[in-house]
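Report on the following structure.
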Amino acid sequence: MREYHPQEIEPKWQQKWEEDGLYRAVVDQSKPKFYALTMLPYPSGNLHIGHWYAMTPSDVRARFKRMQGYNVMFPMGFDAFGLPAENAAIQRGVQPQKWTLGNIASMKRQMRTMGAMFDWEREAASCLPGYYRWTEWFFLKLYEMGLAYRKKSPVDYCPQCKTTLAREQVIGEDRVCERCGAEVIKKDLTQWFLKITDYADELLDFSQIDWPKQIKTLQTNWIGRSEGAEVLFKVAPEDLPADAEEGEGELLVFTTRPDTLWGATFMVLAPEHPLVKRITKPERRAAVEAYRLEAERQSEIERLSTEKEKSGVFTGAYAINPVNEERIPIWIADYVMLTYGTGAIMAVPAHDERDFAFAQKFNLSIPVVIETEEWVAAGRPEPLPRAYPGTGQMINSGSFDGTLAPHPAVEEVTAWLVTQGRGKAAINYKLHDWLISRQRYWGAPIPIIYCDQCGIVPVPYEDLPVLLPDDAEFMPTGESPLKYNAEFLHTTCPRCGGPALRETDTMDTFACSSWYQYAYLSPYYREGEVVRGDELPWDAEEANYWLPVDTYTGGAEHAVLHLMYTRFFTKALRDAGIVDFGEPMLQYRSQGIILGEPRSGDFVEINGTWEGSAFQADEIFVTSFEDEDSWLKPERSDICVAGEVLDRDEVSLKVRTAVEGENLVVVQVAEGTPVHVPGKEAGALGDILYHLDVEKMSKSKKNVVAPDELIDEYGADAVRAYLMFGWRWERGGPWDSQGIGGVVRWINRIWKVVLVEPRDSAAPTSQAARTLRREMHQAIKSVGEDLENFSFNTAIARLMEYVNALTEAQAAYWGSDLWSEALDNLLLLLAPITPHLAEELWAERGNAYSVHEQSWPTWDPAMLVRKTREIPVQINGKVRGHITLAADAGEEAIKAAALAEPNIQRYTEGKEIVKIIVPGKRLVSIVVR
Numbered sequence: 000m001r002e003y004h005p006q007e008i009e010p011k012w013q014q015k016w017e018e019d020g021l022y023r024a025v026v027d028q029s030k031p032k033f034y035a036l037t038m039l040p041y042p043s044g045n046l047h048i049g050h051w052y053a054m055t056p057s058d059v060r061a062r063f064k065r066m067q068g069y070n071v072m073f074p075m076g077f078d079a080f081g082l083p084a085e086n087a088a089i090q091r092g093v094q095p096q097k098w099t100l101g102n103i104a105s106m107k108r109q110m111r112t113m114g115a116m117f118d119w120e121r122e123a124a125s126c127l128p129g130y131y132r133w134t135e136w137f138f139l140k141l142y143e144m145g146l147a148y149r150k151k152s153p154v155d156y157c158p159q160c161k162t163t164l165a166r167e168q169v170i171g172e173d174r175v176c177e178r179c180g181a182e183v184i185k186k187d188l189t190q191w192f193l194k195i196t197d198y199a200d201e202l203l204d205f206s207q208i209d210w211p212k213q214i215k216t217l218q219t220n221w222i223g224r225s226e227g228a229e230v231l232f233k234v235a236p237e238d239l240p241a242d243a244e245e246g247e248g249e250l251l252v253f254t255t256r257p258d259t260l261w262g263a264t265f266m267v268l269a270p271e272h273p274l275v276k277r278i279t280k281p282e283r284r285a286a287v288e289a290y291r292l293e294a295e296r297q298s299e300i301e302r303l304s305t306e307k308e309k310s311g312v313f314t315g316a317y318a319i320n321p322v323n324e325e326r327i328p329i330w331i332a333d334y335v336m337l338t339y340g341t342g343a344i345m346a347v348p349a350h351d352e353r354d355f356a357f358a359q360k361f362n363l364s365i366p367v368v369i370e371t372e373e374w375v376a377a378g379r380p381e382p383l384p385r386a387y388p389g390t391g392q393m394i395n396s397g398s399f400d401g402t403l404a405p406h407p408a409v410e411e412v413t414a415w416l417v418t419q420g421r422g423k424a425a426i427n428y429k430l431h432d433w434l435i436s437r438q439r440y441w442g443a444p445i446p447i448i449y450c451d452q453c454g455i456v457p458v459p460y461e462d463l464p465v466l467l468p469d470d471a472e473f474m475p476t477g478e479s480p481l482k483y484n485a486e487f488l489h490t491t492c493p494r495c496g497g498p499a500l501r502e503t504d505t506m507d508t509f510a511c512s513s514w515y516q517y518a519y520l521s522p523y524y525r526e527g528e529v530v531r532g533d534e535l536p537w538d539a540e541e542a543n544y545w546l547p548v549d550t551y552t553g554g555a556e557h558a559v560l561h562l563m564y565t566r567f568f569t570k571a572l573r574d575a576g577i578v579d580f581g582e583p584m585l586q587y588r589s590q591g592i593i594l595g596e597p598r599s600g601d602f603v604e605i606n607g608t609w610e611g612s613a614f615q616a617d618e619i620f621v622t623s624f625e626d627e628d629s630w631l632k633p634e635r636s637d638i639c640v641a642g643e644v645l646d647r648d649e650v651s652l653k654v655r656t657a658v659e660g661e662n663l664v665v666v667q668v669a670e671g672t673p674v675h676v677p678g679k680e681a682g683a684l685g686d687i688l689y690h691l692d693v694e695k696m697s698k699s700k701k702n703v704v705a706p707d708e709l710i711d712e713y714g715a716d717a718v719r720a721y722l723m724f725g726w727r728w729e730r731g732g733p734w735d736s737q738g739i740g741g742v743v744r745w746i747n748r749i750w751k752v753v754l755v756e757p758r759d760s761a762a763p764t765s766q767a768a769r770t771l772r773r774e775m776h777q778a779i780k781s782v783g784e785d786l787e788n789f790s791f792n793t794a795i796a797r798l799m800e801y802v803n804a805l806t807e808a809q810a811a812y813w814g815s816d817l818w819s820e821a822l823d824n825l826l827l828l829l830a831p832i833t834p835h836l837a838e839e840l841w842a843e844r845g846n847a848y849s850v851h852e853q854s855w856p857t858w859d860p861a862m863l864v865r866k867t868r869e870i871p872v873q874i875n876g877k878v879r880g881h882i883t884l885a886a887d888a889g890e891e892a893i894k895a896a897a898l899a900e901p902n903i904q905r906y907t908e909g910k911e912i913v914k915i916i917v918p919g920k921r922l923v924s925i926v927v928r
């Protein structure tokens with residue numbers, strides 16, 4: 000027998016499959032279609048194990064659906080625009096096109112070694128003109144529909160590099176530029192937006208799609224729909240400037256609880272609110288301006304954090320509460336955002352925790368206006384120890400006293416506000432319109448022209464694509480490199496023929512990835528031809544057959560951006576009459592993350608004393624090490640403050656602990672994380688083990704796993720199988736370099752069980768034949784169900800059990816028809832998972848090429864029924880024996896067999912049998928005395 004050498008087998012079959020066009024997807028109306036799609040990668044240079052973890056199981060399931068009889072399309076491409084290419088241009092002096100296309104070539108080579116059934120004839124790369132001219136085409140369609148518009152918006156800006164920055168380029172709490180370390184500021188620019196908010200309610204409807212609950216929840220929370228009222232407050236007339244225009248002092252406030260208006264004792268404006276400068280008193284201007292600048296430096300996440308201490312500054316001005324005419328102070332605070340609601344809130348400290356904390360800090364009034372059940376149960380404490388946001392009756396609210404809040408109080412107060420001309424019912428969303436402008440070169444150009452005579456003019460469809468120049472210069476000017484490319488910038492107005500300028504911002508890369516599932520239908524459709532506005536970016540026959548996507552897989556980190564943007568794009572295309580469906584992907588599943596391999600962390604040694612359920616730390620030391628045998632000198636640690644009381648219930652990490660003596664606790668935690676001390680009893684005395692640190696893979700941490708090295712050593716099939724067996728696909732976990740060895744041994748067992756005739760033989764029996772058939776049909780059933788449900792690890796576990804059954808039956812059934820059927824079914828089940836191994840062994844057995852053209856095997860329910868069963872027998876509650884008899888044996892036959900069993904007779908001899916029962920025919924229980 001020849002040995003298994005994947006390095007020889009796998010390239011051979013990869014080449015043949017590609018030469019034969021085995022996975023070329025073509026329209027076939029005689030078969031049901033299945034469009035399988037996995038997220039396209041960014042061409043960063045090399046595939047890492049995370050790419051494999053995302054793509055390989057998706058390939059397995061696409062292959063499985065193909066064997067089920069579906070006509071499967073499984074394309075691949077590259078999300079090829081983006082910031083890293085521009086960084087490479089700046090740092091290495093190489094044009095983004097060259098850098099990106101070189102990386103694509105490298106990654107395609109790596110992807111081919113995966114053995115996936117990608118249809119490379121449908122490959123698409125978003126940076127090629129044949130692709131991005133259609134991205135521009137989509138922009139023009141959205142512009143025609145009134146869904147694209149311009150407005151001023153703040154961006155992060157580095158004053159030293161003189162450039163705008165993406166969110167990921169702003170580093171740390173100090174918000175500095177990743178390139179030069181300078182402090183980042185905000186700067187207003189006129190930019191392009193897409194009106195995704197027009198589809199907010201429709202995006203909340205998930206009834207037509209099978210997506211994970213957590214993804215739908217993330218999108219729901221991101222959209223943030225709230226029902227309530229818009230209430231009109233007015234700045235006190237004496238606090239308005241003398242030149243104030245009519246209506247300038249009006250402040251619209253959105254609230255979900257208009258029933259609490261009588262408890263509003265102050266207002267808070269976003270620091271950026273345009274009215275702030277107009278109403279701030281002269282003596283408050285310096286403090287207000289300093290606070291505004293500080294808020295400007297913070298990210299939205301930092302400003303909205305519920306953990307940080309509340310801060311704010313009084314403007315010196317007052318507003319009039321519209322329900323009781325009381326003057327209430329106007330403050331500014333960073334937790335109010337100009338981009339959410341109206342940028343102004345009313346504060347009801349008695350019934351809102353955030354407002355309560357603010358009012359307490361600044362000594363503001365906190366009147367109770369809702370007699371909540373919790374407040375009454377607490378004895379109506381005054382002053383309030385905390386906010387009480389629950390349900391109850393309105394009090395101190397004029398004619399509304401006694402009304403049940405929040406309902407019907409909200410509805411009744413809103414109706415009253417409408418009659419008084421002081422408010423109206425309203426719906427608010429956290430969702431913002433999609434800012435697509437990027438002051439970058441390496442992106443799809445926005446097809447807009449600016450003419451002094453004609454204004455904003457869309458580029459005519461027949462002039463697409465607006466091409467990126469090949470000779471852009473990357474200078475620190477704070478504006479797009481395209482603005483300094485004269486050939487690109489200067490053009491002719493398509494309306495009047497006069498001189499004009501092109502838009503120099505490019506589109507957010509999500510604009511390209513929001514429609515790429517359509518690009519695969521006919522990549523670079525009509526490339527080089529003149530295209531009219533009424534023509535489509537794809538072949539109509541392809542679209543009618545393949546769309547929409549049946550199953551989409553990829554990372555959950557894209558839940559609220561890419562996945563929502565692509566839904567928005569499709570709904571807009573439907574409204575434009577371009578497609579006839581509203582959801583782009585009918586089913587979506589996300590994979591977890593493969594983390595770095597666990598490695599040794601640090602000891603944290605804490606000296607102190609126990610105080611009841613808490614431990615008071617007096618001295619804290621940390622012991623680091625270079626490796627397991629090379630410990631460094633303990634040094635004082637600043638990761639825990641001496642004297643800090645650590646509650647043993649605060650344990651947030653599953654740490655190993657050990658105790659030495661009365662007052663010494665050794666706690667193992669990841670380096671740099673907060674120390675949490677669990678109870679002493681949690682550890683094993685004297686058993687001190689270092690903590691294993693688990694981190695994301697990154698080049699800087701030197702824990703990246705390179706697939707190429709694994710393939711060279713073990714083969715692609717072993718890597719594929721291990722990635723699906725080692726973790727639950729939707730969860731992932733830390734890499735284990737030792738684990739793949741077990742999968743390699745299993746693959747070698749398969750090789751031998753199929754090709755190696757056993758030295759010894761055994762007599763076949765009818766019982767053994769039934770067992771083998773049952774194992775075979777059980778494997779077919781279980782593996783199919785698991786692959787359908789993305790349970791790849793349990794599918795392989797079931798295959799391992801089947802291989803064990805084959806190994807046991809090999810001596811008795813080698814060469815028989817049953818053995819041949821069992822082996823062929825094994826290879827069919829393996830085909831999606833280890834495609835090269837299955838193809839090689841299928842050919843070795845003399846079967847017709849290809850195993851991947853075969854149908855998925857069927858299972859017979861009758862074969863899963865066991866002919867006999869084993870039943871335990873208890874005497875006075877203890878199992879004393881087992882009986883084996885026909886599966887359909889009746890209760891009396893079971894009792895008789897139990898009493899006749901020799902071991903049971905030994906325990907019942909000379910004793911009175913009080914009773915014997917057979918619950919569910921699964922157990923015999925005998926009571927004796």
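Going by numbering that gives the first Met the number 0, the sequence shown opens with residue 0, and the numbers climb by one from there.
For each residue, glycine too, the CB sits at the ideal point set by N, CA and C.
Check, Outcome
"Through-space distance from residue 32 to residue 3, alpha-carbon basis", "36 Å"
"Spatially closest choice to residue 284 from 270, 404, 297, by CA coordinates", "270"
"Cα-Cα separation between residue 348 and residue 331, rounded to whole angstroms", "16 Å"
"Assigned secondary structure, residue 859 (DSSP; H/G/I helix, E/B strand, else coil)", "coil"
"Contained alpha helix (DSSP H) runs [length at least 4] in the stretch 545-585, N- to C-terminal order", "561-574"
"Beta bridge counterpart(s) of residue 66 as assigned by DSSP", "DSSP lists no partner for residue 66."
"Simplified DSSP state of residue 253, which is helix, strand or coil", "strand"
"Straight-line gap, residue 62 to residue 256 (C-alpha atoms, nearest Å)", "54 Å"
"Whole-angstrom distance between residue 460 and residue 511, CA atom to CA atom", "18 Å"
"Minimum length 3: unbroken beta strand (DSSP E) runs contained in the stretch 200-246", "225-234"
"Range covered by the alpha helix (DSSP H) that runs through residue 916", "From DSSP, residue 916 is part of no alpha helix (DSSP H) but of the beta strand (DSSP E) over 912-916."
"Under the three-state DSSP convention, the category residue 377 falls into", "coil"
"Residue burial classification, residue 686 (beta-carbon count within 10 angstroms, cutoff 16)", "Its pLDDT being 28, under 50, residue 686 is placed unreliably in this model, and the value from its coordinates should be taken loosely. So residue 686 counts as exposed."
"Close Cβ partners of residue 109 (< 6 Å) along its chain, the five nearest in sequence each way excluded", "46"
"Cβ-based neighbour list, residue 659, same chain, cut-off 6 Å, excluding 5 preceding and 5 following", "Residue confidence for residue 659 is low, a pLDDT of 29 falling below 50, so the modelled location carries little weight; the figure read from the coordinates is stated next. Once the five neighbours on either side are set aside, residue 659 has no close Cβ partner at all."
"C-beta atoms of residue 102 and residue 49 nearer than 7 Å", "no"
"Residue 529 burial status per 10 Å Cβ neighbour count (16 or more: buried)", "exposed"
"Residue 407 classed as buried or exposed, judged by whether at least 16 other C-beta atoms fall within 10 angstroms", "exposed"
"Spatial neighbours of residue 551 in its chain, beta-carbon cut-off 6 Å, leaving aside the 5 residues before and after", "36, 584, 587"
"Supposed contact pair residue 53 and residue 725 - C-beta distance, whole angstroms, cut 8 Å", "Not a contact, Cβ separation roughly 15 Å."
"Buried versus exposed, by CB contacts within 10 Å (16 or more), residue 354", "buried"
"Pick from 466, 428, 342, 541 that is closest to residue 501, judged by C-alpha positions", "466"
"Those runs of the beta strand (DSSP E) which lie wholly inside the stretch 489-548 and span at least 3 residues", "489-491, 498-501"
"Assigned exposure category for residue 657 - 16 Cβ within 10 Å defines buried", "Bear in mind that the predicted position of residue 657 carries a pLDDT of just 28, short of 50, making it too unreliable to give a figure here."
"Proximity below 7 Å, CB of residue 267 to CB of residue 422", "no"
"Three-state secondary structure assigned by DSSP to residue 886", "coil"
"Beta-carbon spacing of residue 492, residue 485 below 7 Å", "no"
"Burial state of residue 848 (16 or more Cβ within 10 Å)", "exposed"
"Residue 821 versus residue 772 - alpha carbon distance", "8 Å"
"For residue 787, the nearest candidate out of 38, 56, 14 (CA to CA)", "56"
"Coarse secondary structure for residue 77, derived from DSSP in three states", "strand"
"Identity of the residue in 879, 449, 483 nearest residue 495 by Cα", "449"
"Whether residue 558 touches residue 884 by CB criterion (7 Å)", "no"
"Check whether residue 305 and residue 279 have beta carbons under 7 Å apart", "no"
"Any non-hydrogen atom of the ligand NAD within 6 Å of residue 829 CB", "Absence of the ligand NAD from the depicted structure is noted, as is the absence of any ligand whatsoever, leaving it without description."
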